[in-house]
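Novice: In my numbering, the protein residues as written are 124 to 477. The beta-carbon is built from N, C-alpha and C at its ideal position, and this holds for glycine as well. Quick caveat: nothing in here was measured; it's all calculated off a predicted structure.
(1) Who are the Cβ neighbours of residue 417 in its own chain at under 8 angstroms, not counting the five residues just before and after it?
(2) Go ahead and pull the three-state DSSP assignment for residue 457.
(3) In terms of DSSP beta bridges, what is residue 250 paired with?
(4) When the Cα of residue 428 is compared with those of 367, 327 and 298, which residue comes out closest?
(5) Starting from the C-beta of residue 403, find all residues in its chain whose C-beta is less than 8 angstroms away, skip the five residues before and the five after it, and write them out in chain order.
(6) Please classify residue 465 as buried or exposed, where buried requires at least 16 other C-beta atoms within 10 Å of its C-beta.
(7) Considering just the uninterrupted stretch of the beta strand (DSSP E) at residue 427, what are its terminal residues?
(8) Can at least three beta-carbon pairs, one atom from the stretch 371-381 and one from the stretch 262-272, be found at a separation below 8 angstroms?
(9) Per DSSP, which residues does residue 375 bridge with? Please list them.
(10) Whose C-beta lies closer than 8 angstroms to the C-beta of residue 177 among residues of the same chain, with five residues either side of it excluded?
(11) Which partner residues of residue 368 appear in the DSSP bridge assignment?
(12) Would you give the residue range spanned by the beta strand (DSSP E) that residue 475 belongs to?
(13) Spatial neighbours of residue 390 within its chain, please: C-beta separation below 8 angstroms, excluding the five flanking residues on both sides.
(14) Just tell me which of 243, 289 and 229 has its CA closest to the CA of residue 254.
(15) Specify the secondary structure class of residue 467 as computed by DSSP and reduced to three states.
(16) Where does residue 422 land, buried or exposed, given buried means 16+ other C-beta within 10 angstroms?
(17) Closest to residue 339 by CA distance: which of 352, 414 and 310 is it?
(18) Give a yes or no on whether the C-beta atoms belonging to residue 487 and residue 238 are separated by under 9 angstroms.
(19) So, for residue 419: in the same chain, excluding its five sequence neighbours on each side, which residues have a beta-carbon less than 6 angstroms away from its beta-carbon?
(20) Using only alpha-carbon positions, find the residue among 415, 399, 321 and 342 that is nearest to residue 386.
(21) The alpha helix (DSSP H) with residue 404 in it runs from where to where?
(22) The alpha helix (DSSP H) that contains residue 273, what's its start and end?
(23) In whole angstroms, what separates the C-alpha of residue 365 from that of residue 449?
(24) Are at least three pairs of beta-carbons, each pair with one atom in the stretch 327-341 and one in the stretch 279-293, less than 8 angstroms apart?
(25) Out of 458, 467 and 468, state which residue places its alpha-carbon closest to the alpha-carbon of residue 474.
(26) Mind checking which residues open and close the alpha helix (DSSP H) that includes residue 306?
Spelled out as C-alpha cells, the structure:
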C-alpha cells in the first residue's frame, strides 16, 4: 500500500509538473504568437508604406517630366503671368517646387495611408565634387567660389576648409589633409581620394567643426540631401559638375558667384526673379551690369568661368518621398537627372530607402 501511495504521489507530482510546464509553454507560445502576429502586421504595414513611398517617388518624377513638357508646349501656366511658352525655366514658383512636405491621403490594400514629399532643385546648390577637374586637379575658378561661400557661412578659415575638401577628392597624396593626416587622428581612416558619394561624408572632414555643420545643415540632421547650399551628386568632376540655376539658388550661393554680390544685391536678385524669372544667363548678367555695375570680365579667368556655368533651368533634382501607414513609415531619398525621356528612364544618381 505504501508503495502504491508513493507511486501515486510521484505520478501526481509528475502530472502537476507536466501541467505547469505545459501551461508555461502555452503561455510562452501565446506570447510569441502575439509577437509574431504583431511583427507580421508591422511588416505588412511597412510593405504598404514602402509601396506608397515608391509611388510618391514615381509621381515626383512624373511631375518633373510634366513640368518640362509644359515648358516645351504652347500652354501657359494659369497663375504665372510672366511665363512664355517655349522657355525651359525652373523656378521656385513652379508646381514641383511647391510640393513641400504636404501630406496626400492614399489608400492601399484597403488601408489608408499618407504620402509626404518634397522636390528640390540640386542645381541651385554648389556641388562640392566640382572642386576637382577631370584630370584630378583642383579647379581654380570653382575653388575661389567655394572660398567665398565658406567665408559667407562663417568658417574660421575658408581656404583651409576648401583645401581639405579638395584633398578628400583628388587622387594624389599631396596636401595637408591626405592619408598622413587622417592616419594620425585618434580613430584613423583614409580619405576617399574620389568623389563624395553624399554630403554625409562631410562629417569626416575634420576641419569642418560643429558650428559650421549647424550652418550648412540648418535642419540639424544627417540627411545627406538636407543642406540648402551644398550638394554632392556624383555626376563627374570638373566644370560640368558646377552648374548653378540663378532662378533657384539661395542668397548665400548667389553671393558666392561674384565678389561684388553682397547680401543686399542678392536679396534684390531674389526679389526680381520672384516677379520675373531670368530667362537666360545673359539676361542675369545684363541685369547685374545695368542695375549694380557688376561685370563678369572675360579677361578674368574666374569670372569668365562662372559666367559660362550659370543656368536658368535645371537637370538635377532631389526627391524625398515618405510613405506612412499607421505608425509605420518608409522613406526614399534620391537624386535624379531629368532627361528628355520617360520618367522611368531618368538616371538615378543617388538612392536610399529607409
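Specialist: By the coordinates alone:
(1) Annotation for residue 417: 381, 383, 384, 388 and 411 place their beta carbon closer than 8 angstroms to its own, counting only its chain and skipping 5 residues before and after.
(2) In this structure, residue 457 counts as strand in the three-state DSSP scheme.
(3) DSSP links residue 250 through a beta bridge to 354.
(4) In terms of Cα proximity to residue 428, the closest of 367, 327 and 298 is 367.
(5) Cβ neighbours of residue 403 beyond the five flanking positions: 435.
(6) Under this definition residue 465 is an exposed residue.
(7) Element bounds for residue 427: not the beta strand (DSSP E) but the alpha helix (DSSP H), 424-432.
(8) Output reads yes: the stretch 262-272 touches the stretch 371-381.
(9) According to DSSP, which records beta bridges pairwise, residue 375 is partnered with nothing at all.
(10) Apart from sequence neighbours up to five positions away, the residues of its chain that approach residue 177 with a beta-carbon distance below 8 angstroms are 444, 446 and 455, ordered along the chain.
(11) Answer by DSSP bridge pairing, in chain order: 434.
(12) Note, residue 475: beta strand (DSSP E), 471-476.
(13) If we look at residue 390 and ignore the five residues flanking it on each side, its Cβ neighbours are 374.
(14) It is 289.
(15) Three-state DSSP puts residue 467 in a helix.
(16) With a 10 Å radius around the Cβ and a threshold of 16 neighbouring Cβ atoms, residue 422 comes out exposed.
(17) The option with the nearest alpha carbon to residue 339 is 352.
(18) As displayed, the chain neither begins before 124 nor continues past 477, which places residue 487 out of reach and without an answer.
(19) Around residue 419: 408, 426 and 430.
(20) Residue 415 is the option with its Cα nearest to residue 386.
(21) Run containing residue 404: 404-415, per the alpha helix (DSSP H) assignment.
(22) 263-275 is the extent of the alpha helix (DSSP H) around residue 273.
(23) Roughly 42 angstroms separates the two Cα atoms.
(24) In this structure the stretch 327-341 touches the stretch 279-293; the number of beta carbon pairs closer than 8 angstroms is three or more.
(25) Comparing C-alpha distances from residue 474 to each of 458, 467 and 468 shows the shortest one belongs to 458.
(26) Per DSSP, residue 306 belongs to no alpha helix (DSSP H) and is neither H nor E.
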